[in-house]
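Note that the protein sequences, when read in sequence, are chains W and S. Each residue of the first sequence is one higher than the last, beginning at 1 in full-length UniProt numbering. Each residue of the second sequence is one higher than the last, beginning at 1 in full-length UniProt numbering. Here's the structure, in structure tokens; my notes come after.
Number of protein chains: 2
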Amino acid sequence: MVSVILLGAGNVASHLFEAFYNAENISVTQWYNRSLKKLSSYKNKVEITDDLNNLKAANIYILAVSDDAIAELSKQLPLKDQFVVHTSGSVNVYDLDKKHKRGVFYPLQTFSKDTSMDFANVPICIETINKSDYHILKELALNLGSPLKKVNSEQRRVLHLAAVFVNNFTNQLYRIGHEITESQGAEFDLLKPLILETAKKVQDISPYMAQTGPAKRNDKKTIKKHLNSLESLHHQDIYNLLTSSIQQTHGRKKL
Amino acid sequence: MVSVILLGAGNVASHLFEAFYNAENISVTQWYNRSLKKLSSYKNKVEITDDLNNLKAANIYILAVSDDAIAELSKQLPLKDQFVVHTSGSVNVYDLDKKHKRGVFYPLQTFSKDTSMDFANVPICIETINKSDYHILKELALNLGSPLKKVNSEQRRVLHLAAVFVNNFTNQLYRIGHEITESQGAEFDLLKPLILETAKKVQDISPYMAQTGPAKRNDKKTIKKHLNSLESLHHQDIYNLLTSSIQQTHGRKKL
Ligand SMILES: NC(=O)c1ccc[n+]([C@@H]2O[C@H](COP(=O)([O-])OP(=O)(O)OC[C@H]3O[C@@H](n4cnc5c(N)ncnc54)[C@H](OP(=O)(O)O)[C@@H]3O)[C@@H](O)[C@H]2O)c1
Ligand SMILES: NC(=O)c1ccc[n+]([C@@H]2O[C@H](COP(=O)([O-])OP(=O)(O)OC[C@H]3O[C@@H](n4cnc5c(N)ncnc54)[C@H](OP(=O)(O)O)[C@@H]3O)[C@@H](O)[C@H]2O)c1
Chain W
1 MVSVILLGAG
11 NVASHLFEAF
21 YNAENISVTQ
31 WYNRSLKKLS
41 SYKNKVEITD
51 DLNNLKAANI
61 YILAVSDDAI
71 AELSKQLPLK
81 DQFVVHTSGS
91 VNVYDLDKKH
101 KRGVFYPLQT
111 FSKDTSMDFA
121 NVPICIETIN
131 KSDYHILKEL
141 ALNLGSPLKK
151 VNSEQRRVLH
161 LAAVFVNNFT
171 NQLYRIGHEI
181 TESQGAEFDL
191 LKPLILETAK
201 KVQDISPYMA
211 QTGPAKRNDK
221 KTIKKHLNSL
231 ESLHHQDIYN
241 LLTSSIQQTH
251 GRKKL
Chain S
1 MVSVILLGAG
11 NVASHLFEAF
21 YNAENISVTQ
31 WYNRSLKKLS
41 SYKNKVEITD
51 DLNNLKAANI
61 YILAVSDDAI
71 AELSKQLPLK
81 DQFVVHTSGS
91 VNVYDLDKKH
101 KRGVFYPLQT
111 FSKDTSMDFA
121 NVPICIETIN
131 KSDYHILKEL
141 ALNLGSPLKK
151 VNSEQRRVLH
161 LAAVFVNNFT
171 NQLYRIGHEI
181 TESQGAEFDL
191 LKPLILETAK
201 KVQDISPYMA
211 QTGPAKRNDK
221 KTIKKHLNSL
231 ESLHHQDIYN
241 LLTSSIQQTH
251 GRKKL
């Protein structure tokens, strides 16, 4: 049994709480947030607190708070030689105060408030400064049914950067698809199965192999037609840049 | 029972053949391609031909050939007043020779050779010049279990353009994620669940609502760190352009 104290009450903390609460060999000893408002609806399931001086003993303290708050909160903790981890993709493990045994428990996934998450689909990237703390993170991930990967701070930073491309930027392309269709009398909904299939394809084959379309074929006639029918200059810029990116990747043209 | 003659032997024709072959109320009378090579392995399942003068009678002739070949092939067909459709997202219905009854049967999905396709996930966009031909396309889609949508040539063109953004360009962002991770010692595989979840999210909520990340939060520190750690100028350009696109959408900044 691993005993956990959670700190923070945002997206990640909430999903972790639900997952820990339902896992067999994990008990959540206490849940802290700087204000009790977001925690009060959980008070029948777990002890809640807004006072750091009330923190109990546990095998691990998980800081699931905003990146900018991690260093400061870890300093404020009235603990010594306890195992303290954060959940961020971009914060260095050494940003945690050195009075703690330090580590990282980074769930490489996108969480949002109202959608539930199957942790089998959440790779956990873990790092510890002391080898001897590793088994605690491993047991947490195993009990959640999550894939587990040892990743150092540098690799984690790279993954987080790549995640911006495949998650935030991809989502913005969906948004542009939405703008183009709805502003010109077509239905965005018709694109949804294509969006899903595009993501499924690269589960099995590389994005390189999966590429198709006018840019890859260097179909100049279609590219020109597309550029002419894009009403927004800004969409044209994105069309041009990603078209030449595809052509660079597939050897059609030097940039 | 709808009788179909397929023309072309590429990705779309092959997937359509499998789906029609397995559907209850559709029979494939004949399958034409300009060379028999790609068809010969099917010769026990269907009559194959490479001679347009051998074409039989059927309820519908489906031209699943390259966009550039559609007009010419439709002209060459030794038919008159038969129902002839193409499967393209970007070719006008009037590009088919006017000696035919004309229509479009556009499957809005990405097909590739070795992956099978569940046609329940393939919205079919259909168009006919004569109302009376509509029911044939409807029966085909119904028998495949595909969602069906009446879409005129202008709307189809817009959908095809939006598909380039959500499919080809998105796939290129996956490719860049691949380049960034593998060139800097991290594993692309760890991003795959995130890629899938990003696509799943917009099945239920709008891309606008689904957006997260440093660009949306206008987190200048992280954006600067990311730009500094991108080794390729070209990746930096894409990072900058899509970051300002997100900020424009979410009112952070005028472009
Ligand atoms: N969201 C994701 O998809 C995701 C995925 C992987 C990793 N992460 C990482 O997980 C961590 C938490 O992210 P999140 O999305 O859960 O954030 P969030 O939803 O914005 O929640 C942030 C939490 O941090 C608390 N907080 C902020 N400043 C604080 C301070 N100065 N002192 C104490 N608490 C403070 C907030 O308290 P209040 O409730 O009082 O405001 C809130 O509970 C971040 O490091 C993030 O990078 C996020
Ligand atoms: N691929 C997709 O994901 C997708 C999705 C929706 C719609 N579409 C549309 O479906 C149609 C077919 O696409 P596809 O991906 O199946 O193409 P493909 O795999 O490249 O196959 C093209 C087929 O067209 C034939 N062809 C090319 N030029 C010809 C000519 N001059 N005369 C006769 N036949 C000719 C080829 O014959 P050979 O076998 O002899 O080379 C081949 O069988 C296109 O209109 C495309 O826009 C494609």
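Every residue, glycine too, gets a C-beta built ideally from N, C-alpha and C. A quick note: this is a predicted structure, and the numbers were derived from the prediction, not measured.
Reduced DSSP category for residue i - H, G, I as helix; E, B as strand; rest coil
i, result
"residue 148 of chain S", "strand"
"residue 117 of chain S", "coil"
"residue 129 of chain S", "coil"
"residue 105 of chain W", "strand"
"residue 29 of chain W", "strand"
"residue 205 of chain W", "coil"
"residue 65 of chain W", "coil"
"residue 122 of chain S", "coil"
"residue 49 of chain S", "strand"
"residue 112 of chain W", "coil"
"residue 40 of chain W", "helix"
"residue 3 of chain S", "strand"
"residue 255 of chain S", "Note that residue 255 of chain S has pLDDT 46, beneath the 50 cutoff, so the model's placement of it is unreliable and no number is given."
For residue j and residue i, the rounded distance between their alpha carbons
i, j, result
"residue 160 of chain W", "residue 154 of chain W", "10 angstroms"
"residue 179 of chain S", "residue 99 of chain W", "38 angstroms"
"residue 200 of chain S", "residue 190 of chain S", "17 angstroms"
"residue 121 of chain W", "residue 68 of chain S", "43 angstroms"
"residue 27 of chain W", "residue 18 of chain W", "11 angstroms"
"residue 82 of chain S", "residue 171 of chain W", "44 angstroms"
"residue 255 of chain S", "residue 176 of chain W", "Any reading at residue 255 of chain S must be qualified, since the residue scores a pLDDT of 46, below 50, and its modelled position is unreliable; the value itself is stated next. The straight-line gap from Cα to Cα measures roughly 15 angstroms."
"residue 205 of chain W", "residue 51 of chain S", "36 angstroms"
"residue 219 of chain S", "residue 207 of chain W", "29 angstroms"
"residue 65 of chain S", "residue 16 of chain S", "12 angstroms"
"residue 35 of chain S", "residue 48 of chain S", "10 angstroms"
"residue 57 of chain S", "residue 78 of chain S", "11 angstroms"
"residue 20 of chain W", "residue 108 of chain S", "41 angstroms"
"residue 194 of chain W", "residue 116 of chain S", "14 angstroms"
"residue 118 of chain W", "residue 72 of chain S", "52 angstroms"
"residue 131 of chain W", "residue 59 of chain W", "15 angstroms"
"residue 105 of chain W", "residue 166 of chain W", "21 angstroms"
"residue 93 of chain W", "residue 228 of chain S", "20 angstroms"
"residue 80 of chain W", "residue 128 of chain W", "16 angstroms"
"residue 184 of chain W", "residue 169 of chain S", "20 angstroms"
"residue 23 of chain W", "residue 61 of chain W", "17 angstroms"
"residue 126 of chain W", "residue 90 of chain W", "13 angstroms"
"residue 188 of chain S", "residue 53 of chain W", "42 angstroms"
"residue 196 of chain S", "residue 102 of chain W", "31 angstroms"
"residue 74 of chain W", "residue 95 of chain W", "9 angstroms"
"residue 152 of chain W", "residue 137 of chain W", "14 angstroms"
Just checking, does the stretch 80-90 of chain W make contact with the stretch 112-122 of chain W on the three C-beta pairs under 8 angstroms criterion? Remark: fewer than three beta-carbon pairs, one from each stretch, lie closer than 8 angstroms, so the stretch 80-90 of chain W and the stretch 112-122 of chain W are not flagged as touching.
Touch test, the stretch 231-251 of chain W against the stretch 198-215 of chain W, Cβ-Cβ under 8 angstroms, three pairs minimum: Cβ pair count under 8 angstroms is three or more, so yes.
Kindly confirm or deny that the stretch 3-14 of chain W and the stretch 31-40 of chain W touch, where touching means at least three C-beta pairs closer than 8 angstroms. These segments touch.
Can you give, in chain order, each stretch of the alpha helix (DSSP H) that sits fully within the stretch 164-245 of chain W and has at least 4 residues? Whole alpha helix (DSSP H) segments, 4+ residues: 170-183, 192-204, 207-210, 214-217, 220-229.
Tell me the start and end of each unbroken beta strand (DSSP E) in the stretch 66-96 of chain S that is at least 3 residues and wholly inside, in chain order. The qualifying runs are 83-86.
With 9 angstroms as the C-beta to C-beta threshold (strictly closer), list the residues of the stretch 77-89 of chain S near chain W in chain order. Taking 9 angstroms as the Cβ-Cβ cut-off against chain W, none of the residues of the stretch 77-89 of chain S qualify.
At a CB distance below 9 angstroms, what residues from the stretch 239-250 of chain W approach chain S? Give them in sequence order. Listed in sequence order: 239, 241, 242, 243, 244, 245, 246, 248, 249.
So if I threshold CB-CB distances at 8 angstroms, which residues from the stretch 182-198 of chain S count as touching chain W? Correct list: 184, 185, 186, 187, 188, 190, 191, 192, 193, 194, 195, 196, 197, 198.
Return the residues of the stretch 204-216 of chain S that lie within a Cβ-Cβ distance of less than 9 angstroms from chain W, sorted by chain order. Answer set for the stretch 204-216 of chain S: 204, 205, 206, 207, 208, 209, 210, 211, 212, 213, 214, 215, 216.
For the stretch 120-137 of chain W, which residues have a CB atom closer than 8 angstroms to at least one CB atom of chain S, in sequence order? So the list reads 121, 122, 123, 125, given in the order they occur along the chain.
Short-range partners of chain S found in the stretch 42-75 of chain W, where Cβ spacing is below 7 angstroms: Within the stretch 42-75 of chain W, no residue has a Cβ that lies closer than 7 angstroms to any Cβ of chain S.
Would you list, in chain order, the members of the stretch 163-174 of chain S that have their beta-carbon closer than 8 angstroms to a beta-carbon of chain W? Per Cβ criterion, the list reads 163, 164, 165, 166, 167, 168, 169, 170, 171, 172, 173, 174.
Determine which residues of the stretch 10-26 of chain S have a Cβ less than 9 angstroms from any Cβ of chain W, and write them out in chain order. Of all residues in the stretch 10-26 of chain S, only 11 place a beta-carbon less than 9 angstroms from a beta-carbon of chain W.
Against chain S: residues of the stretch 98-113 of chain W by CB proximity under 8 angstroms: Shown in chain order are the members of the stretch 98-113 of chain W whose Cβ falls below 8 angstroms from a Cβ of chain S: 108, 109, 110, 112.
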